[in-house]
Every structure is written in C-alpha cells, then in structure tokens.
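Numbering (mature numbering (1 follows the signal peptide of the UniProt record, and there is no 0)), first residue to last: -36 to -1, 1 to 176.
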C-alpha cells in the first residue's frame, strides 16, 4: 500500500523562521514582566514622575532587595555590627540621591505609599536610627551629596548633608589662612568648643556658633 504524503507548503516553510523571530521578543517581554515586582515598578514610576529629568536618573540610584548592589550599599555606613544581622529589618529600597529633587520625590512617594523614611548622612549613627525601623520603610542615603562651598568673605560654608566633619575641616583649611580649625557639637564629651568661623549652613538649617 502506498501512502501519498502531502507536499510541504513551501510558502509556510519560508515564513516560519520569520514568525518565530517575531514571537521570541514577545515571549521574553512576557517572562520579564512576570519576573518583575509590580510594587517596585509602581514606585519607580512614581519616583520618575516626581523627580527632575537629570543624569543620572533617579532609577539609577535606587536599589531594591533583588539588586546586586543593595546589600553593599546598605552595609556601607552601618557603624554598629549588631544592626547588620539577617534578623535586622531591611528597607524596602534605598535611594542614594545626587540631586535635591531625588530627595523630594523619595519623600513624596513614600508618603503616598505609606512607607516610613529614614535618612542616613555622614555615617555618625551608632544607634541604627537612620537605617532600621519596626514598620515598612525606605532609606535615603545622602553619601553622594558631599559638596562643600566655602565663602571666605563672610567666613561661612555651605555643606551638603553627605559630607563628614573631617571633609568640612579639610575644605575650610584649604582656603583659610587662620590657624584655628572649626570643631563643634560631635566631640565625645558632647560639649561645644570655641570656633573661629561664625556659622556653617547645612541645607536649610543654620547653626550659629560663638566666634573667637
């Protein structure tokens, strides 16, 4: 008995590779969307909508638990090792702003989504108050904002929140011929020491000092 098999449809055979190539990107997109966290996507969209279109964008300085840089960034300024254990509450995400609009967007989006905000700057927190919480929270880590602008005419300095005291001392000493270096409030004794410079402004907060 002879069975006549149907001839392959040459037109279909020619189109099959093209059809497969068209389907593959769709499947990859579908898998990617399935793997992504919708909460993260919503939050990133909120951050992007409320921040200025800068370089880098806020999405490039935002870290979620599934990001490879999340743990190194989280641990980089933890000064007390008892707050770096697996049992320590972790932030839902970390923002390391490079512009003030990144800070504003992070705070507004956290308020919209009922997340507490912890702000970490300068690395002086040994009690963990700037990077732990008992409720869902985020960390705004200011370490990228380290600009120090010294004005020799009125003996003032504008200091961004990520700068450490040592960096402030160094920048003032670079431009000042005075033998006196400023020191204030964070000495181990908790006392305030005599200052040569009259005041230092840190963002919108002005702290006035005794001038010698």
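Beta carbons: idealized from backbone N, C-alpha and C, even for Gly. From a predicted model like this one, the values you see are computed outputs, not experimental measurements.
- Residue 101 sits close to residue 81, with the two beta carbons spaced by under 8 Å.
- Counting only unbroken stretches of 4 or more residues, the alpha helix (DSSP H) elements lying wholly within the stretch 57 to 104 are 64 to 76, in sequence order.
- Out of 112, 108, 71, 106, the CA that lies nearest to the CA of residue 8 is found in 71.
- The DSSP-derived three-state label of residue 42 is coil.
- Distance from the Cα of residue 98 is smallest, within the candidate group 52, 39, 35, for 52.
- Apart from sequence neighbours up to five positions away, the residues of its chain that approach residue 27 with a beta-carbon distance below 7 Å are 33, 34, 37, 57, 58, ordered along the chain.
- Of the other Cβ atoms in all chains shown, 16 or more fall within 10 Å of the Cβ of residue 109; this residue is therefore buried.
- In the DSSP annotation of this structure, the continuous segment of the alpha helix (DSSP H) that includes residue 3 starts and ends at 2 to 14.
- Rounded to whole angstroms, the separation of the alpha carbons of residue 69 and residue 75 is 10 Å.
- A direct Cα-Cα distance of roughly 31 Å separates residue 114 from residue 23.
- The DSSP-derived three-state label of residue 121 is strand.
- With respect to residue 5, residue 60 sits apart: the two C-beta atoms are not nearer than 8 Å.
- Relative to residue 64, the option among 129, 11, 42, 47 whose CA is nearest is 11.
- Collapsing the DSSP output to three states places residue 35 in a helix.
- Cβ-Cβ separation between residue 15 and residue 77: approximately 15 Å, too far for a contact (criterion under 8 Å).
- Judged by DSSP secondary structure, residue 112 falls within the beta strand (DSSP E) whose first and last residues are 112 to 115.
- Assignment of beta-bridge partners to residue 26 by DSSP yields 59.
- Look at residue 126 here: in three-state DSSP terms it is coil, with no helix or strand label.
- Less than 8 Å divides the Cβ of residue 85 from the Cβ of residue 125.
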